[in-house]
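See structure below.
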Amino acid sequence: MTGALDQLIHTTRTCAGQSGKGAAVHTPGEIRGQAALWPGTARLMSRNLSAVVHSMHYEAPPSGRMAARGIVLSGAGSSHHVGMSLEPFLRKRLQVEARAVASTDIVLDPSVTCLRDHPYLVVLFARSGDSPESLGTIDSVRAVCPDARFLAITCNEHGGLATAARDGEFDGTVSAVVLDERTNDKGLAMTSSFTNMVVAGQALGFAEDIHAYLSNIDLLAAAGERAVTELAGSVKDIADRPFERALFLGSGALYGVARESALKLQEMTDGVVVTQSETFLGVRHGPEAVVNEETLVVCFVSGDGHRRRYELDLMNEVHAKQPQALKLAVAPKAPRDLADVVDVCIELAPTGPFVHDDLRPPVDAVIGQLIALFKSVNLGMEPDNPSKRGMISRVVEGVTYYPPAGRNSRYACT
Numbered sequence: 021m022t023g024a025l026d027q028l029i030h031t032t033r034t035c036a037g038q039s040g041k042g043a044a045v046h047t048p049g050e051i052r053g054q055a056a057l058w059p060g061t062a063r064l065m066s067r068n069l070s071a072v073v074h075s076m077h078y079e080a081p082p083s084g085r086m087a088a089r090g091i092v093l094s095g096a097g098s099s100h101h102v103g104m105s106l107e108p109f110l111r112k113r114l115q116v117e118a119r120a121v122a123s124t125d126i127v128l129d130p131s132v133t134c135l136r137d138h139p140y141l142v143v144l145f146a147r148s149g150d151s152p153e154s155l156g157t158i159d160s161v162r163a164v165c166p167d168a169r170f171l172a173i174t175c176n177e178h179g180g181l182a183t184a185a186r187d188g189e190f191d192g193t194v195s196a197v198v199l200d201e202r203t204n205d206k207g208l209a210m211t212s213s214f215t216n217m218v219v220a221g222q223a224l225g226f227a228e229d230i231h232a233y234l235s236n237i238d239l240l241a242a243a244g245e246r247a248v249t250e251l252a253g254s255v256k257d258i259a260d261r262p263f264e265r266a267l268f269l270g271s272g273a274l275y276g277v278a279r280e281s282a283l284k285l286q287e288m289t290d291g292v293v294v295t296q297s298e299t300f301l302g303v304r305h306g307p308e309a310v311v312n313e314e315t316l317v318v319c320f321v322s323g324d325g326h327r328r329r330y331e332l333d334l335m336n337e338v339h340a341k342q343p344q345a346l347k348l349a350v351a352p353k354a355p356r357d358l359a360d361v362v363d364v365c366i367e368l369a370p371t372g373p374f375v376h377d378d379l380r381p382p383v384d385a386v387i388g389q390l391i392a393l394f395k396s397v398n399l400g401m402e403p404d405n406p407s408k409r410g411m412i413s414r415v416v417e418g419v420t421y422y423p424p425a426g427r428n429s430r431y432a433c434t
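Mind the numbering: the sequence shown is residues 21 to 434 in the numbering used here, read in order.
Here it is as structure tokens:
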């Protein structure tokens, strides 16, 4: 039996062939094919990790620079959510100060993020690598931290970040890993690019034991494939139901997924569905006010028993206060006590072992993407280009980068 996503792909391709154009030619296929790319992304990273390990652990590398004392995970929009989905894992795994900071914050005042003259490894995530903030982040950080080094993880070999690394700009402090060209989504919304950059970032945590990650990536890829085949129908059923608001909840690394899922749904519905995201414990402090009978509440439920107790308390509370709200839980396996408080529970790995919460973001993000895609289609919109008012674009436009005071830079650009 053909799954809901495969049916959508077939329908849109048929319609595009008949009319010569299509409203969803790229995005459904990009969502459908992303999990198959994850193992290749992990292997690609395994071949590019030696320089990263060197900069993080050696006090006197051949460059003469000090070892990195901290890691900054930087990007804008969805690319910032990549960093948010990685920060908890990399901090625990590497036992270093790892922080996700939006590039849009760094260019405003790099001294807030980076202590002067401290060496950092700044990991830049960017689908195109062409937004003004991408190169501006490098220039801004170097103004306060000349010994900083930069690793660009990007999906576009012709973008500004990849070119800067290839041409040895910024005194050769920038290296780049360019992912498979199929991760460079043609649709407006970041889908395959997002999950593959998360996979690439997770591989950094296994820099000295990449084989351990390769065994995890097989579990992730299998769950991701199940999400786009067996689970897509259940997600479509949820997306086809009427709701005007959506609240996404997650803890730890899954909060990054909640942020990204909220953005995806708002992007692909052109703002018709207004979204919010929070942590399970944080939502009580004001954001819970968004929940009414027209709200979809999506809970990325932890596989950790201790954390899940807090999450179940909140889910019971929301159900008691607003029983008419539509509620969806996403979990490795469905706890029995979920049945009475949610309408649907999607099980990512109902049989066999699964990964720790910190490694779940690529799979859980697929569920968020499917909600956004099917809701966009349900509302009669064009997922590839949903912004009919031109409010958003595939590559951010209209940003002028101004170098820090007293610093001349040829990267002052729009």
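We treat Cβ as the ideally placed atom computed from N, Cα and C, and that holds for glycine.
> Between E308 and E331, what straight-line distance do the alpha-carbon atoms span, to the nearest angstrom?
Replying inline: 14 Å
> For K408, which of helix, strand or coil comes out of DSSP?
Replying inline: coil
> Comparing alpha-carbon positions, which option in Y421, S407, G156 and F394 lies nearest Q27?
Replying inline: F394
> For the candidate residues V397, G225, A247 and F320, whose alpha-carbon lies nearest to that of L269?
Replying inline: F320
> What is the C-beta distance between Q296 and V310, in whole angstroms, given that I count them as a contact (C-beta under 8 Å)?
Replying inline: 5 Å
> Measuring CB to CB, does V127 end up less than 8 Å from E153?
Replying inline: yes
>> Runs of 4 residues minimum, wholly inside the segment 174–248: which ones carry the alpha helix (DSSP H) assignment?
In response: Here the runs fully enclosed are 180–186 and 212–224.
> At which residues does the beta strand (DSSP E) containing T295 begin and terminate?
Replying inline: V294 to E298
>> Let's see if you can read the secondary structure: which residues bound the alpha helix (DSSP H) around G60?
In response: W58 to S66
> What first and last residue would you give for the beta strand (DSSP E) that runs through K353?
Replying inline: Annotation for K353: no beta strand (DSSP E) segment contains it, and DSSP assigns it neither H nor E.
>> Please report the distance separating the alpha-carbon of N176 from that of V198.
In response: Taking the straight line from one Cα to the other gives about 6 Å.
>> Could you pull the DSSP bridge partners for A120 from this structure?
In response: In the DSSP output, where bridge partners are listed per residue, A120 has L93.
>> Going by C-alpha to C-alpha distance, which of T34, A24, T47 and L25 sits closest to E402?
In response: T47
>> Taking a contact to mean a Cβ-Cβ separation below 8 Å, would you say T193 touches A168 in this structure?
In response: yes
> Thinking C-alpha only, which one of E313, T183 and R356 is nearest Q344?
Replying inline: E313
>> If you follow the alpha helix (DSSP H) that R304 is in, where does it begin and where does it stop?
In response: Run containing R304: none; DSSP gives neither H nor E here.
> Per DSSP, what kind of secondary structure is Y140 in: helix, strand or coil?
Replying inline: strand
>> Taking 8 Å as the threshold (C-beta atoms), are P424 and V218 in contact?
In response: no
>> For V317, report the span of its alpha helix (DSSP H) as first-last.
In response: Here V317 belongs to no alpha helix (DSSP H); instead the beta strand (DSSP E) covers T315 to F320.
>> By DSSP's criteria, K347 is part of a beta bridge. Which residues make up the other side?
In response: V317
> Should the segment 130–145 be called in touch with the segment 156–165, which here means at least 3 C-beta pairs below 8 Å?
Replying inline: yes
> Under a Cβ-count criterion, where at least 16 other Cβ atoms within 10 Å of its own Cβ denotes burial, should L135 be classed as buried or exposed?
Replying inline: exposed
> Whose C-alpha, out of G276, E337, E298 and R327, is nearest the C-alpha of D384?
Replying inline: G276
> Taking all protein chains shown into account, do 16 or more other C-beta atoms lie within 10 angstroms of the C-beta of S322, making it buried, or fewer, making it exposed?
Replying inline: Counting Cβ neighbours within 10 Å, S322 comes out buried, since at least 16 surround it.
> So which of K206, V161, I391 and S148 has the shortest CA-CA distance to G179?
Replying inline: S148
> Does DSSP put R169 in a helix, in a strand, or in coil?
Replying inline: strand
> Per DSSP, C365 is paired with what?
Replying inline: A349
> In this structure, does DSSP put L269 in helix, strand or coil?
Replying inline: strand
> For T34, which residues from the same chain have a beta carbon less than 7 Å from its beta carbon, with the 5 sequence-adjacent residues on both sides left out?
Replying inline: No residues qualify anywhere along the chain.
> Do you know how far the Cα of L399 is from the Cα of Y422?
Replying inline: 40 Å
> Helix, strand or coil: which one does DSSP assign to F374?
Replying inline: F374 falls in the coil class under three-state DSSP.
>> Pull the bridge partners of A278 from the DSSP assignment, please.
In response: A278 is not bridged to any residue.
>> With a threshold of 7 Å on Cβ separation, who are the neighbours of S98 within its own chain once the five nearest residues in sequence on each side are excluded?
In response: Sequence-distant partners of S98 (beyond 5 residues in either direction) whose C-beta falls short of 7 Å from its own C-beta, in its chain, are M210, F214, E280 and L283.
> What residue from G291, A242 and A252 has the CA that sits closest to A266's CA?
Replying inline: It is G291 whose Cα lies nearest to the Cα of A266.
>> Tell me the DSSP secondary structure of A259 in three-state form.
In response: helix
>> Using CA atoms only, rank isn't needed, just tell me which of P373, P355 and D205 is closest to C365.
In response: P355
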